[in-house]
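A.B. asks:
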Amino acid sequence: MSTGLVVAGHGRHYIVETPEGRRLTCHPRGKKSDCVVGDRVRWQVSGDEGVIEQVEPRRNLLFRQDEWKTKSFAANLDLILVMVASEPVFSESQLTRALIAAEDAGIEAHILLNKADLPQIAAARDRLRPYATMGYDVHEVALKAQPEQARAVLDPLLAGRSSLVLGPSGTGKSTLINLLAPDARAQVGEISQALNSGRHTTTTTQWYWLDAERRTGLIDSPGFQEFGLRQVSPQVLPSLMPDLAEPAKACRFYNCTHLHEPGCGVRAALERGEITESRYRIYGEIFSELSQARY
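Read the sequence shown against our numbering and you will find it ends at 297, with the numbers running on by one and no gaps.
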C-alpha cells in the first residue's frame, strides 16, 4: 500500500499526491467518502487510478456545522489565515465564527487584512483593534498595490507550514494564491480537468505548494455565506472567545449564560469597556443559535 496527501476533492473523486510528487485520481473504498484536503491516506493502484483504503489519524480538522450538514475545510493544519479586506466591509460575525472554529479545533489563527492602500483602511483597522488586544496577530497587506511588501509579510509566516486561507469572496484570496503560488492557474486547470469539475474550481478546496521542496503548503477554500458552529456547546462558547474566557471565570454562578444573571464577570467586563458591544452582541447571537433544540 502506498501513502499520499489529498490535495483536492470533488464529490467522490480525490486527487492524491505521492511522496515523489506524482498526482493521481483516487476513489474511496465503500460508499462513505470522508477524506478532506490535507489528509494523509493509504491507497492502492486500481487500473490507472487508485483506491483510498485508509485515512491516517488526523492532528486536527477545521469544519463548520449547521443544523443540516457538516462541511469540512481541511485537516492537519498548522495555521489558519482568516482574510478580511478594508473594502468590501467585512462581517465581524463571520470573522468571529471562523476564529471560534479554529480555537475549537486547536489550530493557530491569524487575521490578514488586505487592501491596506485604500482610504477605508483606518475604519477596518479600528474594527480589528480588539482582536489584536485579545492576542490575535493581525497582518496588513496590499496584495495588488504592493505585492513585494505583501510577500515580505507572508513568506516567513507561511514557511514550512500547512496553512488554510479562509474568507469571503472579494477579499483577494485568488490574488494571494496567484502571488504566492506562481503556477496556481495551471494547477487549477489540471485539477479541474482531472476531477471533471468544470471551471468552477472555487467550489473545491485545493492545496498549492509554494516552494520547489514542497514544504510550504497553502490551501484555498471556497467562500461561504454562513458559518455554523453546531459542533460547539453553548457552555463551552465563552472559553473559545479570548476576550470572554477570563472574565467568565469571575461569574458568581458556574452555569452563568452571561446574558442576565447577577454577579456576571462577562457583563462587568463589558461595562468596563474590556469587551466591545459588537463582540458581546455576536456572543449572544451564537449562544442563542447553539441553545436551540436539536432534531
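A virtual CB, placed ideally from N, CA and C, is assigned to each residue, including glycine.
#1: Using a 10 Å radius around the Cβ and a threshold of 16 neighbouring Cβ atoms, would you call residue 45 buried or exposed?
#2: Excluding sequence positions up to five away, which residues of its chain have a Cβ less than 6 Å from the Cβ of residue 170?
#3: State the DSSP-derived secondary structure class of residue 60, mapped to helix, strand or coil.
#4: Could you compute how far the alpha carbon of residue 85 sits from the alpha carbon of residue 267?
#5: Quick check on residue 135: does DSSP put it in helix, strand or coil?
#6: Can residue 111 and residue 82 be called in contact, C-beta distance under 8 Å?
#7: Quick one: measure Cβ to Cβ for residue 159 and residue 76, integer angstroms, because I've assumed they're closer than 8 Å.
#8: Figure out for me which residue from 42, 161, 243, 259 has the closest Cα to the Cα of residue 276.
#9: Could you tell me which whole beta strand (DSSP E) segments of length 3 or greater appear in the region 44-104?
#10: Reducing DSSP to helix, strand and coil, say where residue 228 ends up.
#11: Grab me the residues of residue 114's own chain with a C-beta within less than 6 Å of its C-beta, minus the 5 sequence neighbours each way, in chain order.
#12: Do residue 54 and residue 15 have their C-beta atoms closer together than 8 Å?
#13: Give me the Cβ distance between residue 246 and residue 210, rounded to the nearest whole Å; I'm assuming they're in contact under 8 Å.
#14: Is the beta carbon of residue 231 closer than 8 Å to that of residue 102?
C.D. replies: Taking the structure as given:
#1: Reading the sequence shown from its first residue, position 43 is the one you call residue 45. The residue is buried, with at least 16 neighbouring Cβ atoms inside 10 Å.
#2: Here the question's residue 170 lines up with position 168 in the sequence shown. For residue 170, where only same-chain residues beyond five positions count, the Cβ hits under 6 Å are 225.
#3: On the sequence shown, residue 60 is found 58 positions in, with the first residue counted as 1. Here residue 60 sits in coil by DSSP.
#4: Here residue 85 is taken as the residue at index 83 of the sequence shown, counted from 1. Here residue 267 is taken as the residue at index 265 of the sequence shown, counted from 1. So the alpha carbons of these two residues sit roughly 31 Å apart.
#5: Numbered from its first residue, the sequence shown carries residue 135 at position 133. In the structure shown, residue 135 sits in a helix (DSSP, three-state: H, G or I).
#6: The sequence position of residue 111 within the sequence shown is 109, counting from 1. The sequence position of residue 82 within the sequence shown is 80, counting from 1. With a cutoff of 8 Å on beta-carbon distance, residue 111 and residue 82 are scored as near each other.
#7: For the purposes of this step, residue 159 is taken as residue 157 along the sequence shown, with counting starting at 1. For the purposes of this step, residue 76 is taken as residue 74 along the sequence shown, with counting starting at 1. The pair is not a contact, with the Cβ atoms about 17 Å apart (cut-off 8 Å).
#8: By 1-based counting over the sequence shown, the position of residue 276 is 274. Nearest of 42, 161, 243, 259 to residue 276, Cα basis: 243.
#9: 51-57, 63-67, 72-77, 81-87
#10: Position 226 of the sequence shown holds residue 228. In the structure shown, residue 228 adopts coil according to DSSP, grouped into three states.
#11: Your numbering for residue 114 matches position 112 in the sequence shown. Closer than 6 Å at Cβ, skipping near neighbours: 83, 85, 141.
#12: For the purposes of this step, residue 54 is identified with residue 52 of the sequence shown, where counting begins at 1. For the purposes of this step, residue 15 is identified with residue 13 of the sequence shown, where counting begins at 1. No, they are not a contact pair.
#13: Indexing the sequence shown from 1 puts residue 246 at position 244. Indexing the sequence shown from 1 puts residue 210 at position 208. 35 Å between Cβ atoms; not a contact.
#14: Residue mapping note: residue 102 aligns to position 100 of the sequence shown, counting from 1. Residue mapping note: residue 231 aligns to position 229 of the sequence shown, counting from 1. Closer than 8 Å, so yes.
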